[in-house]
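What follows is a single structure, written as structure tokens, with notes after it.
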Amino acid sequence: MLLRPSPVRREWRASRMESLTTRKVEIRPIRTEDLRLVYELEEQSFKDPFPNYFIDQLADANPETFLVAVYRGAIVGYAVVDDWSDHQHLVSIAVRAGFRRRGIAQTLLDDLFERSRPGPLRLELRRSNHEAFQLYMKNGFRETGIAHSYYTDGEDAIHMEKLIEKKPQILAPA
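For the sequence shown, counting from 1, position 93 maps to 150 in our numbering; every step adds exactly one.
This is how it looks when you write it as structure tokens:
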């Protein structure tokens, strides 16, 4: 007889795994030696991955907002915000398949929100990417439009935006 854990037990295990993972994940700016692993993660994560030279350009142009998530010495995720003149753009966020749904994307986003300048933060995502859509909605993004046949396979993109508020300045006691 095969015994399966109850739904409550599975949920408890999943939440325990999530908390164990996110507590041990280091979020830091990308380093040159990280690029090869980011290229691999990009290839594994997206139907239309960015070319390596573009990732290199993003890393050079955005040293404070190109972040990697490191777990036990291995890169398990990354996210990058590109700074444009009128807004910032969340270009990409990816988490290695075995580490998804453990809070790593949320941790990357939280760190990016802290590092982003005040003003609009924009992104686009595949219409079929329901999990990412829910993550962005939960984090205060709103849908601003649809780009029809945006991707090379003809899939539409959803445009989203979040307004990053000015961070309050904490004054030291006199």
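The beta carbon of each residue, even a glycine, is placed where N, CA and C say it ideally should be.
One alpha carbon belongs to VAL152, the other to GLY130, and they sit about 15 Å apart. Our two residues, THR89 and VAL125, have alpha carbons roughly 12 Å apart in a direct line.
Taking the C-beta atoms as reference points, TYR128 is found no nearer than 7 Å to VAL95. A distance of 7 Å or more separates the beta carbons of LEU178 and ALA136. The secondary-structure analysis by DSSP pairs VAL152 across a beta bridge with GLY134. Note on geometry: alpha-carbon atoms of LEU92 and ILE112 lie some 8 Å from one another. Counting only the Cα atoms, GLU97 lies some 31 Å from LEU220. The three-state reading of DSSP puts ILE161 in helix, counting H, G and I together. Contact check for ARG172 against GLU218 fails: the beta carbons are separated by 7 Å or more.
Counting along the chain, LYS195 sits inside no beta strand (DSSP E); it lies in the alpha helix (DSSP H) bounded by residues 187-195. For PHE123, the secondary structure class from DSSP, reduced to helix, strand or coil, is strand. DSSP places GLU200 within a strand segment (E or B) once states are collapsed to three.
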